[in-house]
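Chemist:
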Amino acid sequence: MASNGIRDTVAIVGMGCTSFGEHWDRSADDLLLEAVGECLLASGTARDDVDAYWLGTLSSGQSGLTLSRPLGLDYKPVTRVENYCATGSEAFRNACYAVASGAYDRVMAVGVEKLKDSGFSGLLRTDPPADGTASELSLTAPAAFSLLDPAYCAAHGVHPDGMREAMTHVAWKNHVNGARNPKAQFRSEVSKEKIDAAPRVAGRLGVFDCSGVSDGAAAALVVRAEDAYDYTDHPVFVKALSLAAGPMRGGMDPAYDFTTFPEVVRSAQDAYAQAGITDPARELSLAEVHDCFTPTEIVLMEDLGLSHRGEAWKDVLAGDFDLGGRFPVNVDGGLKSFGHPVGASGLRMLYESWLQLRGEAGARQVADARLALTHNLGGRPGGCVSFVSVVGSERGQGS
Amino acid sequence: MTLALQRYAAYLPSGRLGAADIGTAAPRVVASFDEDSTTMAVAAAATALAGAEAAVDAVYLATTSPAYLDKTNATAVAAALRLGPECFAVDLAGAARSAMGAIRAAATSGGLAVLSDVRVGRPGSADEKGGADAAGALLFGLGEGIADVLAQVSLSDEFLDRWREPEAVTGQQWEERFGFERYAELVRSAAASALSSAGVSEADHVVLVSPNSAVRNRAGSLVKGASTTRTSPVGHAGCADVALALADVLDEAGPGETVLVLSAADGCDALLLRTTALLPERRQPRPVAEQVAAGSPVSYTAYLGWRGLLQRELPRRPEPDRPAGPPSARGAGWKFGFAGTRCDRCGFLHLPPLRVCRSCGAADEMTEVSAAAVGGRVATYTIDRLAYSPSPPVVDVVVDFDGGGRCALEVADAAPESLEVGSRVELVFRRLFSAGGVHNYFWKARQVAGPSNEGGS
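Protein sequences, first through last, are from chains A and B. Positions 899 to 1297 (our numbering) are the ones given, in order, by the first sequence. Positions 8 to 464 (our numbering) are the ones given, in order, by the second sequence.
1) Enumerate in chain order the residues of its own chain whose CB-to-CB distance from R281(B) is below 8 angstroms, with the five nearest sequence positions on each side excluded.
2) Confirm, please, whether the CB-CB distance from V406(B) to V376(B) is below 8 angstroms.
3) How far does the alpha helix (DSSP H) with K974(A) in it extend, from its first residue to its last?
4) What does the alpha-carbon distance come out to for the pair G444(B) and T236(B)?
5) Residue range of the beta strand (DSSP E) that D949(A) falls in?
6) Expressed to the nearest angstrom, what Euclidean distance is found between the alpha-carbon atoms of P975(A) and V911(A)?
7) Between the Cα of G1148(A) and those of A996(A), A1042(A) and A1185(A), spot the shortest distance and give me the residue it belongs to.
8) Which residues in chain B have a C-beta closer than 7 angstroms to the C-beta of P1299(A)? List them in chain order.
9) What does DSSP give as the partner residue(s) for E476(B) in the beta ladder?
10) So which residues of chain C does W341(B) contact, with C-beta pairs closer than 9 angstroms?
11) Answer with yes or no whether the minimum CB distance from R967(A) to chain B is below 8 angstroms.
12) Which chain A residues sit within Cβ distance under 7 angstroms of C350(B)?
13) Taking any Cβ of chain A, which residues in the region 414–437 of chain B have a Cβ under 8 angstroms from it, in chain order?
14) Does H357(B) have its Cβ less than 8 angstroms from a Cβ in chain A?
15) Between the Cα of P1080(A) and those of L1275(A), S1284(A), G1260(A) and A1267(A), spot the shortest distance and give me the residue it belongs to.
16) Along the region 1149–1170 of chain A, what residues have a CB closer than 7 angstroms to any CB found in chain B?
17) Can you name the residues of chain A whose CB is closer than 7 angstroms to the CB of L10(B)?
18) Can you check whether the CB of A50(B) is closer than 8 angstroms to the CB of L122(B)?
19) Could you tell me if K1234(A) is buried or exposed, where buried requires 16 or more neighbouring beta carbons within 10 angstroms of its beta carbon?
20) State yes or no: is the C-beta of A1267(A) within less than 8 angstroms of the C-beta of L1184(A)?
21) Would you please state the rounded distance, in angstroms, between the beta carbons of G242(B) and A139(B)? I believe it to be under 8 angstroms.
22) From the beta carbon of N80(B), is the nearest beta carbon of chain A less than 8 angstroms away?
23) If we cut at 8 angstroms on Cβ distances, does S1019(A) have a partner in chain B?
24) Please specify which runs of the beta strand (DSSP E), each continuous and at least 3 residues long, are wholly inside the region 1182–1261 of chain A, giving them in chain order.
25) Return yes when the Cβ of D211(B) is within less than 8 angstroms of the Cβ of G232(B), no when it is not.
26) Give me whichever residues DSSP pairs with S161(B) in a beta bridge.
27) With 16 other CB atoms within 10 Å as the buried threshold, where does E1011(A) fall?
28) Please list the residues of the region 1033–1048 of chain A that have a C-beta atom closer than 7 angstroms to any C-beta atom in chain B, keeping them in chain order.
29) Between the region 215–233 of chain B and the region 21–38 of chain B, do at least 3 Cβ pairs fall closer than 8 angstroms?
30) Would you report the Cα separation of A197(B) and Y190(B), rounded to the nearest angstrom?
31) Comparing the C-beta of R1122(A) with each C-beta of chain B, is any distance below 8 angstroms?
32) From which residue to which residue does the alpha helix (DSSP H) around D928(A) run?
33) Pull up the distance between the alpha-carbon of G954(A) and that of L931(A), whole angstroms please.
34) Report yes or no: do the region 934–946 of chain A and the region 1115–1133 of chain A share at least 3 C-beta pairs separated by less than 8 angstroms?
35) Cβ atoms of Q180(B) and D168(B): under 8 angstroms apart, would you say?
36) Is E461(B) buried or exposed, if buried means 16 or more other CB atoms sit within 10 Å of its CB?
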């Protein structure tokens, strides 16, 4: 993949994130104001000093007016972006490029989603008028991702009980982490027995194998790397930004076996090249990954190069990715426990990285955190968009 | 050259209402929630046309339960069968007698008579107990066939025996004995006329069907066949009745035997046939008797929900959007004919059709190919308890087709307990859901009996 990257060209100097959850009493406007306000405060920046905005939302509004109206912005450029569940990361990616290009000095990336006003479970689709034949019509997201489970077992000779145990461990771990996060939607530990006994949603996925459907917003202020220390003593430098949109071949190619996301493999390789990373499991300190459903996190460990093929399920069970394990994953609770307000999730992953790299993560602080990866995915097995970023605490670090 | 009956097929849906649930001696044959007169017509016609070589010039679809009014349903049947724009596709909809209208049209000018019905009765009614859902197809064409037409006689009469207001789901019946007396005379007269005009003293087989239950109950005493006399094999199946009963005879009759078909509906129509030496080799693959004996139980409450006679709680998911007209028309080859595109350069099959090859990147070098009649095996599967469906849960499979191509599809008549990776499936044309007054027709996968893991890689 040909990308030059913008390693150490821009930095995050402030972030904000609302708590995620069922905010029956707060609108998308309220959530935006809170996240943006916290971000401005953290960076010591006045609202009018922000030169441009990129707003990510899947379905909570259209156009830049979704942000300019509640904030009362003074004719600033605001671009609304959408890229399925990677929407928040997409807003961040474009904000970084806007600063790197020299067009603006200070750009804010904002993500918001208000999912709990619909009265329905799960995500709602907003598809253009069509012929009614798309498999997405009948196959909901949990069903589409549940396909990973039997396929993984078959491809790697894993007994279904072993896979179930690994899936349960992912849910259990992310609840343990979420219990240590005051902003998480689910802030309590859940026993493995309770996870196993939960009502089935699709395939072998139970309620606890699914991410939390929630409301929330997050924001990041991006400036030129050389200006970063003007805003904060602990900026977070952007090492890599990669995005891969698949050709959706897997859904129509018998060669695809539902045990990998080729888009994730490509975007990870690209991001590691941009950041100069050759051994991600050693060089990175932690990862925030797209654990939309528990088998997804297992497969992602392999696609991101953090486990060998066919071994992630064992690594998960060995506690490798627990807080305190060899490589902590989703220490903030992940989509599973922190919640998944779609447009905000990519920025929420960066928010946890921001806290960890600055040593502000409290009870869930990873020791000596220096480089963090965020991975955000939109779509489903067989065809998706995958975003990978690498961010670090020092400019010029790495190989 | 004269027209002859070339091929025939009957289709019985797999659902069976328990005899104990509705107070009958035998289970009642019911169409699934995703079946209607159009989809069952496709199922019967596809079986009848399998192996037929000549182009089908006309499709006459007869039904008392049309999926649409103001819009021809036979065009959907023709599109699903990929018969092409030259085929004259027309509905004969309304009463059971429309069946004989379709048969007469096909027998007189050639073409396919497709007779299909979903018969709904109020809970506890005679139509619930004594009705059935089914379809049949009869192909008439030039050249030696499986049966020659010796005579056709039609007598019409106006009296109130069965009727239904256009907006009503269920119909009404006058006292059966009133209709029986009218029909008895009409049946005897039409039978005598048909036999005498062909110079036949007695038919080997007599088939007598009627929406009037008294006529069905006394079929054996009204007109006798030398060898067999029979009526509806499964109860009154509307327009499909006559095709089912005739198919039941053709499943067993020997060559050179005469079959007198009598349909007593608003008069009496008689069709006298003589089977030929070709019949034994062109019998339908699954005899009516075998289809009657097969089937899977359907719970009574599920059935009432399917027919709108019981309002069940819907899942907390939005109802799907109605299919849009222009995309459905642009994609008719895919939606109705399950036609994808095969790359001329590398052979990769795209389901649904694409213009740029997913494998080699060639653009606009594609040939349209239908995989509707191609079987496949299950690559992976899931049970979706969250998805909106008229009959949850939705069972989904990813199908790898024999000879290439993959597609994710819903499973029809699903038996998830016997579903596994490698299971064989075939495609069936179904109604996925209806939204905004539009029926969403598309193909589903259906599990077929037989060993897994054959024919795949």
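From the three backbone atoms N, C-alpha and C, an ideal C-beta is built for every residue, glycine too.
Modeler: Looking at the coordinates:
1) Locating residue 281(B) in the second sequence gives position 274, where the first residue counts as 1. Only A154, D155, L157, G263, E264, T265 and V266 meet the Cβ criterion.
2) Numbered from 1 along the second sequence, position 369 holds the residue referred to as residue 376(B). Numbered from 1 along the second sequence, position 399 holds the residue referred to as residue 406(B). Not a contact, by the Cβ cut-off of 8 angstroms.
3) For the purposes of this step, residue 974(A) is identified with residue 76 of the first sequence, where counting begins at 1. No alpha helix (DSSP H) holds K974(A); DSSP gives it neither H nor E.
4) Residue numbering aside, residue 444(B) sits at position 437 when the second sequence is read from its first letter. Residue numbering aside, residue 236(B) sits at position 229 when the second sequence is read from its first letter. C-alpha separation (whole angstroms): 43 angstroms.
5) Start at 1 with the first residue of the first sequence, and residue 949(A) comes out as number 51. Counting along the chain, D949(A) falls outside any beta strand (DSSP E), and DSSP gives it neither H nor E.
6) Translated into positions along the first sequence, residue 975(A) becomes position 77. Translated into positions along the first sequence, residue 911(A) becomes position 13. Each residue's Cα considered, the two are about 20 angstroms apart.
7) As a first step, residue 1148(A) must be located in the first sequence, where it is residue number 250. The candidate whose alpha carbon is nearest that of G1148(A) is A1042(A).
8) Lying outside 899 to 1297, the shown extent of chain A, residue 1299(A) is not represented and no answer is given.
9) With chain B represented from 8 up to 464, any question about residue 476(B) goes unanswered, as that position is not in the structure.
10) No chain C is present in this structure, whose protein chains are A and B.
11) Locating residue 967(A) in the first sequence gives position 69, where the first residue counts as 1. Not one chain B Cβ lies under 8 angstroms of R967(A).
12) One-based indexing of the second sequence puts residue 350(B) at position 343. What C350(B) touches in chain A: nothing, since even the nearest Cβ is about 12 angstroms away.
13) C414, A415, L416, E417 and V428
14) As a position in the second sequence, residue 357(B) is number 350, starting the count at 1. Judged by the 8 angstroms Cβ criterion, H357(B) is in contact with chain A.
15) Stepping through the first sequence from its first residue, residue 1080(A) is reached at position 182. Closest by alpha carbon: G1260(A).
16) G1149, M1150, D1151, P1152 and F1156
17) Locating residue 10(B) in the second sequence gives position 3, counting from the first residue. In chain order: nothing, as chain A lies at least about 37 angstroms away.
18) Here residue 122(B) refers to the residue found at position 115 when the second sequence is read from its first residue. Here residue 50(B) refers to the residue found at position 43 when the second sequence is read from its first residue. Against a cut-off of 8 angstroms, the Cβ pair of A50(B) and L122(B) comes out as no contact.
19) Indexing the first sequence from 1 puts residue 1234(A) at position 336. It counts as buried.
20) The residue labelled residue 1267(A) in the question sits at position 369 within the first sequence. The residue labelled residue 1184(A) in the question sits at position 286 within the first sequence. Contact flag set, yes.
21) Looking up residue 242(B) in the second sequence gives position 235. Looking up residue 139(B) in the second sequence gives position 132. Right, their Cβ atoms sit about 4 angstroms apart.
22) Reading the second sequence from its first residue, position 73 is the one you call residue 80(B). Chain A, which has no Cβ nearer than 8 angstroms to the Cβ of N80(B), makes this no.
23) In the first sequence, residue 1019(A) corresponds to position 121, counting from 1. Chain B contact via Cβ: present.
24) 1184–1186
25) Start at 1 with the first residue of the second sequence, and residue 232(B) comes out as number 225. Start at 1 with the first residue of the second sequence, and residue 211(B) comes out as number 204. Yes, they are a contact pair.
26) Numbered from 1 along the second sequence, position 154 holds the residue referred to as residue 161(B). Answer is D276(B).
27) Translated into positions along the first sequence, residue 1011(A) becomes position 113. Label assigned to E1011(A): buried.
28) S1033, L1035, S1036, L1037, T1038, P1040, A1041, S1044, L1045 and P1048
29) no
30) By 1-based counting over the second sequence, the position of residue 197(B) is 190. By 1-based counting over the second sequence, the position of residue 190(B) is 183. Rounded to whole angstroms, A197(B) to Y190(B) spans 10 angstroms at the Cα level.
31) Counting from 1 along the first sequence, the entry for residue 1122(A) is found at position 224. Not one chain B Cβ lies under 8 angstroms of R1122(A).
32) Counting from one through the first sequence, the residue named residue 928(A) turns up at place 30. Note, D928(A): alpha helix (DSSP H), A926 to S941.
33) The residue you call residue 954(A) lines up with position 56 of the first sequence. The residue you call residue 931(A) lines up with position 33 of the first sequence. Roughly 14 angstroms separates the two Cα atoms.
34) yes
35) Start at 1 with the first residue of the second sequence, and residue 168(B) comes out as number 161. Start at 1 with the first residue of the second sequence, and residue 180(B) comes out as number 173. It is a contact, given that the beta carbons lie within the stated cut-off.
36) The residue labelled residue 461(B) in the question sits at position 454 within the second sequence. Only weak support exists for where E461(B) lies, its pLDDT of 42 falling under 50; the value from the coordinates is given anyway. The residue is exposed, with fewer than 16 neighbouring Cβ atoms inside 10 Å.
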